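S.K.:
Residue numbers (our numbering), protein chains in the order written: chain E, 1 to 252; chain Z, 1 to 506.
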């Protein structure tokens, strides 16, 4: 007991981060909100530039290049790197599927707070039942990490709970494999209304690296109404927390 | 040596025509002979084509770094089962049955694995009609009957933020007679997506076979492509890959040691390790931008290199992490109430481990000296050896000490590699893939042996591709560890193995 206290005082210390009051520290090579070239400067013509992404995240039209964050996996060696770059901005979460489309001439859209009635209910206490539905365990791991002392999501009243009956929302990771669909929908039904749904990670949003497999769904929002989309493969914990705090109206 | 087997080496392609095609009896007898001599089944898989199915068996030698492979053709819908004589085959046979529609005659435990349709329409090992929807988890479970016997069933959705699986305990009060584990819920159809590959999406899919083993599986895939195209990655790439693989091991081992502490209610180590795990993940992110090593590897080398300043920064971080991890873990060993919960809990005997073909820390905790890094060295491990750590009691305590000692060796390895990182390029251009070749790539992920087996067709594209995650070998080990334990010991046993659901389900 004394030894544990000594270790705590001498080596381990107090480690909960200052975020969101202070800045969040991200590695230099972190790939966050994409930056698109305003004019297509790459040597490829418009169509082949869009075709460069094997996951179909890029599209090209007269108004310029557009990147769909629902499909983007933030690859380090993006095949369209001549026109797509990644900034260090971790804020990626949005409230609607349409907001995931990043256009070269449009502003950076962020997640909106819940409507006032839901915010009154969930603004100070928000509990999630997580369902991993075909997830590779990376999204799960970086959701879990928010409960550790470094992030301490509990200080915002946000928690993962063991039973859907105790939950205010459903937290989905993974592309919703065919074999998990029923269990997922049953969990959703078991959560008392009003309830919200979070799609965490590229798989839950649109299949991620597995898009096109006949064994998975076409995206969580084809099965349930989604209130928060968190892109990334997997999303960084800071991206997840940013989305949640915006949902609660704690970040402006 | 048995002439039915073609001897091959890790990561070196051979012509398909050189793989002996035995008749059925000889094939089966060879498996029995070789496993009787201490060889292990690394992979056993079937690929159906028209009426016939080709079965491959990959055996791993106990000592001299060679692998043996052979094939046979199964015409028809039945094949003899060896699961009784050779228990490590039981799950492989069920997998082949499910995927190829072959009934294994004499299998004592014959049921579906992942709840998928056979690749051959109209052929189902359980005679389920084509049109009938498959019901996930619906099958016969092992049952114990008697007064005061009861069954506890959990899942697929568990209480924590973890992947889904269905577990059934056959209990007498608190005592567990048997635990049956039924998986398949995470099945995404990865192997089917690999057909005619490699595709531009393939590497991303390989990294997501098991998200906490992105480097382990990604590396095996890169080794497959490199040997098929006779590409040699530069020395710097090997070193960076090795560092990334060990960082993955460090993150997972330290996280699990914290989770084990949490399960016995010892919160200091639990909370310290939860954070230290993140420090290792952040080191991976420092190298490549992703906490899980996504986007670091590419066939031919690595996407990123490390300059002098980055190497120094990593060394500094490793030194801090070593100090903090040591302090956190030493608390466990010096707390008698923790040790009394770990010692003697969830024992797997060396005989059972060997019969089931366990791999990784779970096998090493039972005294089995198995480690791909030294048995079948690949990449940087051909140059730099990592000592194998073993323990002898096969209990939660042994699995924990093995993992802690492996952490120390991994730290030493990373520091050493960073100090002497070769200069020069970190990627080579990938050549064209050779046609009609077979290659096996083994890596030692943090859970144990990862096996990728690829066969190319006349066009140099994948005709067949089989992935075997260490969890495939080890889930049955967890079931055995629970026998005669209390049901309340399950979380503790589970954490000490920490097996992958999605790596199994594929």
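Idealized CB from N, CA, C, for every residue including glycine.
Note that the structure is a prediction, hence the values are computed from the model and not measured.
#1: How about residue 71 of chain E and residue 252 of chain E: do their beta carbons lie closer than 9 Å?
#2: Would you verify that the beta carbon of residue 413 of chain Z is, or is not, closer than 9 Å to some beta carbon of chain E?
#3: Closest to residue 342 of chain Z by C-alpha separation, out of Z:252, Z:398, Z:23, would be which residue?
#4: Name, please, each residue of chain E whose Cβ falls closer than 9 Å to the Cβ of residue 452 of chain Z.
#5: Once DSSP output is grouped into helix, strand and coil, what is the label at residue 127 of chain E?
#6: Please name the residue or residues paired with residue 419 of chain Z in a DSSP beta bridge.
#7: Over the uninterrupted alpha helix (DSSP H) stretch that includes residue 34 of chain E, give me the two end residues.
#8: Under 9 Å between beta-carbons, which chain E residues line up against residue 361 of chain Z? List them in chain order, please.
#9: Need the endpoints of the alpha helix (DSSP H) that residue 341 of chain Z sits in, please.
#10: If we call anything under 9 Å between Cβ atoms a contact, is residue 346 of chain Z one with residue 171 of chain Z?
#11: Using only CA atoms, which one of Z:198, Z:125, Z:112, Z:456 lies nearest to residue 141 of chain Z?
#12: With residue 183 of chain E as the anchor, note down where its alpha helix (DSSP H) starts and where it stops.
#13: I'd like to confirm the pairing. Which residues does DSSP put opposite residue 495 of chain Z in its beta bridges?
#14: Within 10 angstroms of its Cβ, does residue 239 of chain E collect 16 or more other Cβ (buried), or is it exposed?
#15: Please report the residue range of the alpha helix (DSSP H) in which residue 252 of chain Z lies.
#16: Do we get a CB-CB distance below 9 Å when we pair residue 182 of chain E with the residues of chain Z?
#17: Chain E partners of residue 161 of chain Z, CB-CB under 7 Å?
#18: For residue 29 of chain E, report the span of its alpha helix (DSSP H) as first-last.
#19: Between the stretch 8–35 of chain E and chain Z, which residues of the former have a C-beta closer than 7 Å to a C-beta of the latter?
#20: Any residues in the stretch 183–208 of chain Z with a beta carbon nearer than 8 Å to a beta carbon of chain E? Which ones, in chain order?
#21: Exposed or buried, which one is residue 39 of chain Z when buried takes at least 16 other CB atoms within 10 Å?
#22: Using the Cβ count rule (16 or more neighbours within 10 Å means buried), how would you classify residue 417 of chain Z?
#23: Measure the CB-CB distance between residue 478 of chain Z and residue 504 of chain Z and report whether it falls below 9 Å.
#24: Determine the chain Z residues that contact residue 233 of chain E at a beta-carbon separation under 7 Å, and present them in chain order.
#25: Hey, is the stretch 262–281 of chain Z in contact with the stretch 299–313 of chain Z, meaning 3+ C-beta pairs nearer than 8 Å?
#26: Using the beta-carbon of each residue, which ones in chain Z are nearer than 8 Å to residue 216 of chain E?
#27: At the level of alpha carbons, what is the spacing between residue 82 of chain Z and residue 71 of chain Z?
#28: So, is the C-beta of residue 187 of chain E closer than 9 Å to a C-beta in chain Z?
#29: In chain E, which residues lie less than 8 Å from residue 334 of chain Z when you measure between Cβ atoms?
#30: In the structure shown, what three-state DSSP assignment does residue 74 of chain Z receive?
#31: Is residue 83 of chain E closer than 9 Å to residue 37 of chain E when the C-beta atoms are compared?
#32: Does any CB atom of chain Z fall closer than 9 Å to the CB of residue 105 of chain E?
#33: Within 8 Å, do at least three Cβ pairs link the stretch 241–248 of chain E to the stretch 89–102 of chain E?
#34: Between E:9, E:33, E:4, which lies nearest to residue 231 of chain E when the distance is taken from Cα to Cα?
#35: Please classify residue 219 of chain Z: does DSSP put it in a helix, a strand, or coil?
#36: Given that residue 156 of chain Z touches chain E, what residues does it touch there, using C-beta distances under 8 Å?
M.R.: Quick look at the numbers:
#1: Counting from one through the first chain, the residue named residue 71 of chain E turns up at place 71. Counting from one through the first chain, the residue named residue 252 of chain E turns up at place 252. The answer is no: Cβ separation not under 9 Å.
#2: Against the second chain, residue 413 of chain Z aligns to sequence position 413. With 9 Å as the cut-off, residue 413 of chain Z does not count as an interface residue toward chain E.
#3: Residue mapping note: residue 342 of chain Z aligns to position 342 of the second chain, counting from 1. Checked all of Z:252, Z:398, Z:23; the closest Cα to residue 342 of chain Z is Z:398.
#4: On the second chain, position 452 is the one that residue 452 of chain Z refers to. Result: empty, since nearest Cβ-Cβ is about 16 Å, beyond 9 Å.
#5: Position 127 of the first chain, counted from the first residue, corresponds to residue 127 of chain E. DSSP places residue 127 of chain E in strand when its eight states are reduced to three.
#6: On the second chain, position 419 is the one that residue 419 of chain Z refers to. In DSSP, residue 419 of chain Z forms no bridge with anything.
#7: Locating residue 34 of chain E in the first chain gives position 34, where the first residue counts as 1. Here residue 34 of chain E belongs to no alpha helix (DSSP H); instead the beta strand (DSSP E) covers 34–36.
#8: Numbered from 1 along the second chain, position 361 holds the residue referred to as residue 361 of chain Z. Correct list: empty, because the minimum Cβ distance to chain E is about 18 Å.
#9: On the second chain, position 341 is the one that residue 341 of chain Z refers to. Start and end: 336–342.
#10: By 1-based counting over the second chain, the position of residue 346 of chain Z is 346. By 1-based counting over the second chain, the position of residue 171 of chain Z is 171. No, they are not a contact pair.
#11: Position 141 of the second chain, counting from 1, holds the residue named residue 141 of chain Z. Of the candidates Z:198, Z:125, Z:112, Z:456, the one whose C-alpha sits nearest the C-alpha of residue 141 of chain Z is Z:112.
#12: Mapped onto the first chain, residue 183 of chain E falls at position 183. 181–190 is the span of the alpha helix (DSSP H), which, as asked, contains residue 183 of chain E.
#13: Position 495 of the second chain, counted from the start, is the residue given in the question as residue 495 of chain Z. Note: residue 495 of chain Z sits in no beta bridge, so no partner.
#14: Taking the first residue of the first chain as position 1, residue 239 of chain E is located at position 239. Looking at its Cβ environment, which holds 16 or more other Cβ atoms inside 10 Å, residue 239 of chain E is buried.
#15: Within the second chain, the letter at position 252 stands for residue 252 of chain Z. 235–263 is the extent of the alpha helix (DSSP H) around residue 252 of chain Z.
#16: As a first step, residue 182 of chain E is located in the first chain; it is residue number 182 there, counting from the start. So, interface residue.
#17: What you label residue 161 of chain Z is simply residue 161 of the second chain in a count that begins at 1. The contacting residues are 130, 140, 143, 144, 160.
#18: Counting from 1 along the first chain, the entry for residue 29 of chain E is found at position 29. Looking at the DSSP string, residue 29 of chain E is not in any alpha helix (DSSP H), and its letter there is neither H nor E.
#19: 8, 11, 12, 15, 27, 29, 30, 31
#20: 184, 185, 186, 187, 188, 189, 190, 192, 193, 199, 200, 201, 204, 205, 207, 208
#21: By one-based count along the second chain, residue 39 of chain Z stands at place 39. The residue in question, residue 39 of chain Z, is buried, as its Cβ has 16 or more Cβ neighbours within 10 Å.
#22: Indexing the second chain from 1 puts residue 417 of chain Z at position 417. Label assigned to residue 417 of chain Z: buried.
#23: Counted from its first residue, the second chain places residue 478 of chain Z at position 478. Counted from its first residue, the second chain places residue 504 of chain Z at position 504. Taking 9 Å as the Cβ cut-off, residue 478 of chain Z and residue 504 of chain Z do not qualify as a contacting pair.
#24: Here residue 233 of chain E is taken as the residue at index 233 of the first chain, counted from 1. Result: 294.
#25: no
#26: Taking the first chain and counting its residues from 1, one reaches residue 216 of chain E at position 216. Going along chain Z in sequence order, the residues near residue 216 of chain E (Cβ under 8 Å) are 188, 189.
#27: Reading the second chain from its first residue, position 82 is the one you call residue 82 of chain Z. Reading the second chain from its first residue, position 71 is the one you call residue 71 of chain Z. Using only the alpha carbons, I get a separation of about 16 Å.
#28: To locate residue 187 of chain E, count along the first chain from 1; it is residue 187. Chain Z, which has a Cβ nearer than 9 Å to the Cβ of residue 187 of chain E, makes this yes.
#29: One-based indexing of the second chain puts residue 334 of chain Z at position 334. Those within 8 Å of residue 334 of chain Z in chain E are 3.
#30: The sequence position of residue 74 of chain Z within the second chain is 74, counting from 1. Residue 74 of chain Z falls in the strand class under three-state DSSP.
#31: Within the first chain, numbered from 1, the residue matching residue 37 of chain E stands at position 37. Within the first chain, numbered from 1, the residue matching residue 83 of chain E stands at position 83. Yes, Cβ-Cβ distance for residue 37 of chain E and residue 83 of chain E is below 9 Å.
#32: Your numbering for residue 105 of chain E matches position 105 in the first chain. No, its Cβ sits nowhere closer than 9 Å to a Cβ of chain Z.
#33: yes
#34: Here the question's residue 231 of chain E lines up with position 231 in the first chain. Closest by alpha carbon: E:33.
#35: Taking the first residue of the second chain as position 1, residue 219 of chain Z is located at position 219. Helix at residue 219 of chain Z.
#36: To locate residue 156 of chain Z, count along the second chain from 1; it is residue 156. The contacting residues are 180, 183.
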